[in-house]
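*Asks:* Structure provided below as structure tokens; questions to follow.
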Amino acid sequence: MNTNDNHIYVIFGASGDLTKRKLVPALYSLFVQNLLPEKFALLGVSRSDFTDTEFRTAMESAIKEFKEIDDTSHVEAFVKKIHYQSIQFNDASTYLPLKQRLEKLRTEEKIGGNTVFYLSTPPSLYGIIPQHLASVGLNLQNDGWKRLIIEKPFGYDLESALKLKDQLLKDWQEDQLFRIDHYLGKETVQNLLVTRFSNGIFEPLWNRNYIDHVEITSAESIGVEKRGGYYETSGALRDMVQNHLLQVAAITAMESPSSLEPIAIRNEILKVFQSLRPIKKEDVKTNAIRGQYLAATVKNEKVPGYRDEEGVNPESVTETYAAIKFYIDNWRWGGVPFYIRTGKRLPTRVTEVVIHFKPTPHFLFSGGPVCSSCNQLVIRIQPDEGVLLKFGMKTPGAGFEVQTVNMDFHYSDLTNQRIPSAYERLIYDSMKGDSTLFARTEEVIEAWKFLSPVIDCWKNDKDVPLFGYPAGTWGPETADDLIEDRDMTWRYPCKNLSDDGIYCEL
Ligand code: BG6
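Structure (structure tokens):
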């Protein structure tokens, strides 16, 4: 049964790329699955001057470009629900006409007062729009619920995140705020919870007694593309680590929640953020490595260096690669290093969590252990989503030679199981008021607090190197030292590139 309350979905930044590529296609998908409420309207809001018809036509093309369409009559029916209102985001006087437009839509479509406001705008507007909405009473819940969805980044550093927090919480309640971290919408990230807590065999080993270290890699083969302007204000640490990858680390490390209630899960996630051991200023150099990609020929194609990308300062010191080593100070994880690395223009696109188990205490067989940590559990978040367990087996024949073999599961083996896009899942949850998969204020603040010494050092300490790495490689070699000081290595899932360069072992 469809239990989604009737509501209006308002997207600020409706003429932007995210609306076209992700938001409207996701809403369309929900429509096709009959998951939208009976009475529903989508109101696009941005600076551009569109009529309803022009905006509908643009969204129709976007759906056709970004979704596989089985039946065009669905598209026609869906776009009829779309409307448009032009607004000057900074101009308080344009919010009254917006309110009147919403009231008109509510009356015409008999929808009622429930409203989602999705901010798909530059982050500089995250303080301003909610404040203007509140100034005309659009935050008030007397005639139905009001929710505010905010895209990352939530602030630029600790100071700006605290300021944004105060701005938002002045007019809005915490339970009205939904901070999107699209990694939490990924099926495979959620599966981390299920793998851990629905099986009796992993959890007894999931601690400092059996785990040597945890590695989280998120590699992208693309460069910054047309987002040089944004990326210059961000860099890999803010773009990927502060949010997506620390969230993945928290889900990997959290205790079992007492129930599946959002508050129970989010409380456990928050505790992990609160247990992150601060990185001392003097340790930044050895525990955090940054790099920037250089021009190179990748798969017979010349690709530009970061400094030559559109919108990028030719002398930029923005990192396109970041790797950090850190600890979670609690009973479960005391002394276990966690490693996160991420970068653009690496050899392939892959995101995975690797649990490296401790080696056996005494190695009996000939040839010595085949690797320093033979047992690994690889949770592949994307692509080729799945899970892989590596373990030692006897090589057939005389003696007792050991080789490492794999036991694996691929999501693609599940027939007829469509994996919803992250946005589809998160948009649907926000409509239902389920905040489980959204970042809570305190988590965001703790994440900024944790990264502050690295951010400060990379900004102010000219002695901390920014390593160049040729596009198409695994980043600065110095990042290997983070792990190799312990006689371990990163997992290189795509080390053995085949001719087309995309073969990755799961
Ligand atoms: C975004 C970052 O949040 O995540 C991008 O801003 C990055 O720079 C993207 O490319 C990665 O997302 P995904 O889902 O492709 O791994």
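Numbering of the sequence shown is given in my numbering, commencing with residue 98 and proceeding in unit increments. Built from N, CA and C at the ideal position, the CB exists for glycine as well. No experiment lies behind these values; they were computed from the predicted model shown.
1. Quick check: what's the CA-CA separation for R588 versus T191?
2. Taking 8 Å as the limit between beta carbons, can you name the residues of its chain near G113, skipping five residues before and five after?
3. In three-state terms, what does DSSP make of N364?
4. From Q264 to Q228, what does the alpha carbon distance come to, in whole angstroms?
5. Quick check: does the Cβ of K249 come within less than 7 Å of any heavy atom belonging to ligand 1?
6. Does DSSP put R588 in a helix, a strand or coil?
7. Return helix, strand or coil for Y403, following the three-state DSSP convention.
8. What would DSSP say about I184, mapped onto helix, strand or coil?
9. With hydrogens ignored, establish whether the beta-carbon of E406 is closer than 7 Å to any heavy atom of ligand 1.
10. Between which two residues does the alpha helix (DSSP H) containing G565 stretch?
11. Can you check DSSP and say which residues form a bridge with G489?
12. Who are the Cβ neighbours of D596 in its own chain at under 6 Å, not counting the five residues just before and after it?
13. Pick from G241, G224 and V233: whose alpha carbon is nearest that of L259?
14. Name the two residues that bound the continuous beta strand (DSSP E) containing G440.
15. How many angstroms separate the CA atom of F497 from the CA atom of L511?
16. So S170 is in the alpha helix (DSSP H); what residue range does that whole segment cover?
17. Could you tell me if the beta carbon of H279 falls within a distance shorter than 7 Å of some heavy atom in ligand 1?
18. Can you find at least 3 beta carbon pairs, one from the stretch 471 to 481 and one from the stretch 278 to 292, that sit closer than 8 Å?
19. Does V502 pass the burial test, meaning 16 or more other C-beta atoms within 10 Å, or should it be called exposed?
20. My output table needs one value for Y223: the three-state DSSP class, helix, strand or coil.
21. Between which two residues does the beta strand (DSSP E) holding L216 run?
22. Quick check: what's the CA-CA separation for G598 versus E416?
23. Considering just the uninterrupted stretch of the alpha helix (DSSP H) at K260, what are its terminal residues?
24. Report buried or exposed for G332, applying the criterion of at least 16 other Cβ atoms within 10 angstroms of its Cβ.
25. Look up H104 in the DSSP assignment and say whether it is helix, strand or coil.
26. According to DSSP, is D380 helix, strand or coil?
27. Ordered along the chain, which non-local residues of its own chain (more than five positions away) have a Cβ less than 6 Å from that of T448?
28. Please find out if some non-hydrogen atom of ligand 1 comes closer than 7 Å to the beta-carbon of T314.
29. Does the beta-carbon distance from L193 to F214 come in below 8 Å?
30. Taking DSSP's pairing of strands, which residues face G494 in a bridge?
31. Using a threshold of 8 Å, state whether the C-beta atoms of D149 and H180 are closer than that.
32. Using beta-carbon positions only, say whether V414 and L563 come within less than 8 Å of one another.
33. Should H229 be counted as a contact of ligand 1 given a C-beta to heavy atom distance under 7 Å?
34. Using a 10 Å radius around the Cβ and a threshold of 16 neighbouring Cβ atoms, would you call D336 buried or exposed?
35. Would you kindly work out how many angstroms separate the C-alpha atoms of V172 and K396, rounded to a whole number?
*Replies:* If we stick to the structure as given:
1. 53 Å
2. S143, S217 and T218
3. helix
4. 8 Å
5. yes
6. coil
7. helix
8. coil
9. no
10. Per DSSP, G565 belongs to no alpha helix (DSSP H); it is in the beta strand (DSSP E), L563 to P567.
11. T501
12. Caution is warranted here: a pLDDT of 39 is assigned to D596, below 50, making its placement in the model unreliable, and no coordinate value can be reported.
13. G224
14. P434 to G440
15. 36 Å
16. T169 to V176
17. yes
18. yes
19. exposed
20. coil
21. T212 to L216
22. Caution applies to G598, whose pLDDT of 40 falls short of 50 and renders its modelled position unreliable; the value that the coordinates give is listed next. Rounded to whole angstroms, G598 to E416 spans 25 Å at the Cα level.
23. L255 to D268
24. buried
25. strand
26. helix
27. S315, I478 and Q479
28. no
29. no
30. According to DSSP, which records beta bridges pairwise, G494 is partnered with nothing at all.
31. yes
32. yes
33. no
34. buried
35. 39 Å
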